[in-house]
Amino acid sequence: MGLRKLSSANAFVVTDLVDVPSFGIVRSAKKILQGGAKDLARSMTYTFASFEMEKGGASGGINATPDEKEEAIGSFVSELTDDVSSGNLGLDAGKGITPSSFEKLTAVDSRSDIRFSQHGSDDLGTFLTALGPIVVAEQLDGLDGKTVSIEGFGGHSPAMMDLIAERGGTVVAISTLSGSVSDAAGLDASEIRSQWEERGIDFVKSVDGEAEPAWKVFQSGADVLFAGSKMGAVSHVTAEKLQVDALIPHQPIPFTARALAMLQRKGATVAPDFLAVAGPIFASWPNEGESVSDIIATATSSISSALVESSNHEDGLFLGACYRAESFLSSWHDTKLFGRPLAS
-8 MGLRKLSSAN
2 AFVVTDLVDV
12 PSFGIVRSAK
22 KILQGGAKDL
32 ARSMTYTFAS
42 FEMEKGGASG
52 GINATPDEKE
62 EAIGSFVSEL
72 TDDVSSGNLG
82 LDAGKGITPS
92 SFEKLTAVDS
102 RSDIRFSQHG
112 SDDLGTFLTA
122 LGPIVVAEQL
132 DGLDGKTVSI
142 EGFGGHSPAM
152 MDLIAERGGT
162 VVAISTLSGS
172 VSDAAGLDAS
182 EIRSQWEERG
192 IDFVKSVDGE
202 AEPAWKVFQS
212 GADVLFAGSK
222 MGAVSHVTAE
232 KLQVDALIPH
242 QPIPFTARAL
252 AMLQRKGATV
262 APDFLAVAGP
272 IFASWPNEGE
282 SVSDIIATAT
292 SSISSALVES
302 SNHEDGLFLG
312 ACYRAESFLS
322 SWHDTKLFGR
332 PLAS
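Quick note: the sequence shown uses our numbering, first residue -8, plus one each step.
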């Protein structure tokens, strides 16, 4: 694990594998912990390895108050532009950072620009972020006739709702950082998209500004839970009371090791985050000559195949997926990694 502390801002970048092209997200807040960034980088490494890409995960943090943020992000971008231009590093704006703040890095990024192509109501990268968890859910037990809850609704989640509806599922509960909303009869995908575009995370609030607590999404009784508000969103305390058939990540590392063990004992299927969130890598490094529709087909078939192979392992889906990724890692990189993609 490599750590670079920037000289121009109170910020850092961690790379999971040293001297390897590395890619991941950067977050900004008053205090971003290096431990969390290392976990995110590790998850990204497992994603790459799961699809036989010789790349490593990266993640960064910019520590700044709201008043300091604009200047700190500008300094971060300036200091790392050459690294990104060289192709050795690729960084995306995560929580607390607007994509426009990273425009200078995006302009010199080595990854394919096809990821910004429009696909329906979303750009391709956003659509693929939504597609991965849906492919996983379909492969595991299908969505037709299932009730669904989305914990940690984000920018890609309107596309998730479209895909769930297309597959016969019904979204009955949603949570954001501002609270939650539910409807046993089902929430309308087009209406939620419209509200999201207009109000962002506050769309769950009523006209008087009130909302149900975000944690109520865990009590929706849905068959399938898509989780992703933060790392470790599903702890063992939550898992103890959770009644779901399947837990599918739609953002990295949303469950802890203890939660994984507890849910497995209860008979729930828990998908590895590093497979479910893999969709965008297929647009970042497409096969030569692939169109947008080709990339979507490649992402779908690749994620499905990886899931089938992992599910067949005698130690179960999660460990099977880990073993599969680690086997490829050992074939080209001699660093022994300690710790799998799980929240503390």
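Backbone N, C-alpha and C fix where the C-beta goes; we use that ideal spot for every residue, glycine too.
CA-to-CA distance, residue 37 to residue 273, given in whole angstroms:
The residue given as residue 273 occupies position 282 in the sequence shown. The residue given as residue 37 occupies position 46 in the sequence shown. Looking at the two C-alpha atoms, the distance is approximately 15 Å.
Assigned exposure category for residue 187 - 16 Cβ within 10 Å defines buried
The residue labelled residue 187 in the question sits at position 196 within the sequence shown. Residue 187 is classed as buried because its beta carbon has at least 16 other beta carbons within 10 Å across all chains shown.
Any 3 or more C-beta pairs closer than 8 Å across the region 206 to 225 and the region 134 to 142
The region 206 to 225 vs the region 134 to 142: in contact.
Which same chain residues, not among the five before or five after residue 154, have their C-beta less than 7 Å away from its C-beta?
Taking the sequence shown and counting its residues from 1, one reaches residue 154 at position 163. Exclusion of the five residues before and after residue 154 leaves 121, 122 and 125 as the residues of its chain whose Cβ lies within less than 7 Å of its Cβ.
Using C-beta distances below 6 Å, list every residue in its chain close to residue 289, excluding the 5 sequence neighbours before and after it, in chain order.
Looking up residue 289 in the sequence shown gives position 298. Within the same chain, 273 come within 6 Å of residue 289 by CB-CB distance, once the 5 residues on both sides are set aside.
With a CB to CB cut of under 7 Å and the five nearest residues on each side skipped, what residues in its chain are close to residue 87?
Here residue 87 corresponds to residue number 96 of the sequence shown, with the count starting at 1. If we look at residue 87 and ignore the five residues flanking it on each side, its Cβ neighbours are 18, 19 and 20.
For the region 178 to 195 against the region 241 to 254, are there 3 or more C-beta pairs whose distance is under 8 Å?
By the Cβ test, the region 178 to 195 is not in contact with the region 241 to 254, since fewer than three Cβ pairs between them sit closer than 8 Å.
Using the beta-carbon count (16 or more within 10 Å), is residue 256 buried or exposed?
On the sequence shown, position 265 is the one that residue 256 refers to. When all chains shown are included, residue 256 counts as exposed.
Can at least three beta-carbon pairs, one atom from the region 50 to 63 and one from the region 109 to 119, be found at a separation below 8 Å?
No, the region 50 to 63 does not touch the region 109 to 119.
Residue 128 and residue 286 - do their beta-carbons sit closer together than 7 Å?
What you label residue 286 is simply residue 295 of the sequence shown in a count that begins at 1. What you label residue 128 is simply residue 137 of the sequence shown in a count that begins at 1. Here residue 286 is not near residue 128, since their CB atoms are 7 Å or more apart.
Residue 240 - partner residues in DSSP beta bridges
In the sequence shown, the residue the question calls residue 240 occupies position 249. DSSP lists 218 as partners of residue 240.
Where residue 18 falls: helix, strand or coil (DSSP)
Here residue 18 is taken as the residue at index 27 of the sequence shown, counted from 1. The answer is strand: DSSP assigns residue 18 an E or B state.
Can you list, in chain order, the stretches of the beta strand (DSSP E) that have 3 or more residues and sit fully within the region 130 to 177?
The region 130 to 177 contains these whole beta strand (DSSP E) runs: 138 to 142, 161 to 167 and 170 to 173.
What is the DSSP secondary structure of residue 304, reduced to helix, strand or coil?
For the purposes of this step, residue 304 is identified with residue 313 of the sequence shown, where counting begins at 1. Coil, per DSSP.
Between the CA atoms of residue 106 and residue 304 - distance to the nearest angstrom
Position 313 of the sequence shown, counting from 1, holds the residue named residue 304. Position 115 of the sequence shown, counting from 1, holds the residue named residue 106. If I take the Cα positions, the gap works out to 33 Å.
Nonlocal neighbours in the same chain, by C-beta distance under 6 Å from residue 319, ignoring five residues either side
Working through the sequence shown from its first residue, we reach residue 319 at position 328. Counting only Cβ-Cβ distances below 6 Å, and skipping sequence neighbours, we find 40 and 43.
Quick one: any contact between the region 163 to 177 and the region 203 to 211, if contact means 3 or more CB pairs under 8 Å?
Enough Cβ pairs lie closer than 8 Å, so yes.
From 259, 260 and 221, pick the residue whose C-alpha is nearest to that of residue 243; which is it?
Residue mapping note: residue 243 aligns to position 252 of the sequence shown, counting from 1. Shortest Cα-Cα distance from residue 243 to any of 259, 260 and 221 involves 221.
Count the other CB atoms, across all protein chains shown, that sit within 10 Å of the CB of residue 204; report buried if there are 16 or more and exposed otherwise.
As a working mapping, residue 204 is identified with position 213 in the sequence shown. Exposed, by the Cβ-count rule.
Could you pull the start and end residues of the beta strand (DSSP E) that residue 47 belongs to?
In the sequence shown, counting from the first residue as 1, residue 47 sits at position 56. Per DSSP, residue 47 is one residue of the beta strand (DSSP E) stretching across 47 to 54.
With DSSP collapsed to three states, give me the class of residue 255.
Within the sequence shown, the letter at position 264 stands for residue 255. In this structure, residue 255 counts as helix in the three-state DSSP scheme.
Could you give the residue range of the beta strand (DSSP E) that holds residue 84?
Mapped onto the sequence shown, residue 84 falls at position 93. In the DSSP assignment, residue 84 falls within the beta strand (DSSP E) that extends over 80 to 84.
If we ignore side chains and look at the alpha-carbon of each, how far apart do residue 159 and residue 231 end up?
Taking the first residue of the sequence shown as position 1, residue 159 is located at position 168. Taking the first residue of the sequence shown as position 1, residue 231 is located at position 240. Those two C-alpha atoms are separated by around 29 Å.
Can you find at least 3 beta carbon pairs, one from the region 292 to 310 and one from the region 259 to 269, that sit closer than 8 Å?
Contact between the region 292 to 310 and the region 259 to 269 is present, because at least three Cβ pairs lie under 8 Å.
Look up residue 2 in the DSSP assignment and give the residues it is bridged to.
Counted from its first residue, the sequence shown places residue 2 at position 11. As a beta-bridge residue in DSSP terms, residue 2 pairs with 53.
For residue 147 and residue 241, what's the separation of their Cα atoms in angstroms?
Position 156 of the sequence shown, counted from the start, is the residue given in the question as residue 147. Position 250 of the sequence shown, counted from the start, is the residue given in the question as residue 241. Spanning the two alpha carbons is a distance of roughly 9 Å.
Inter-residue CB distance, residue 5 and residue 22 (contact presumed, cutoff 8 Å):
Counting from 1 along the sequence shown, the entry for residue 5 is found at position 14. Counting from 1 along the sequence shown, the entry for residue 22 is found at position 31. In fact, because the Cβ distance is near 15 Å, the residues do not count as touching under 8 Å.
Starting from the C-beta of residue 152, find all residues in its chain whose C-beta is less than 8 Å away, skip the five residues before and the five after it, and write them out in chain order.
Here residue 152 refers to the residue found at position 161 when the sequence shown is read from its first residue. Once the five neighbours on either side are set aside, the close Cβ partners of residue 152 are 141, 162, 178, 180, 183 and 184.
Considering only the alpha carbon of each residue, which of 332, 7, 58 and 132 lies closest to residue 79?
Taking the sequence shown and counting its residues from 1, one reaches residue 79 at position 88. It is 7.
Just to confirm my understanding: we take residue 64, look at its own chain, exclude 5 residues before and 5 after, and list those with CB closer than 7 Å. What are they?
Along the sequence shown, one-based indexing puts residue 64 at 73. Closer than 7 Å at Cβ, skipping near neighbours: 19, 53, 88 and 92.
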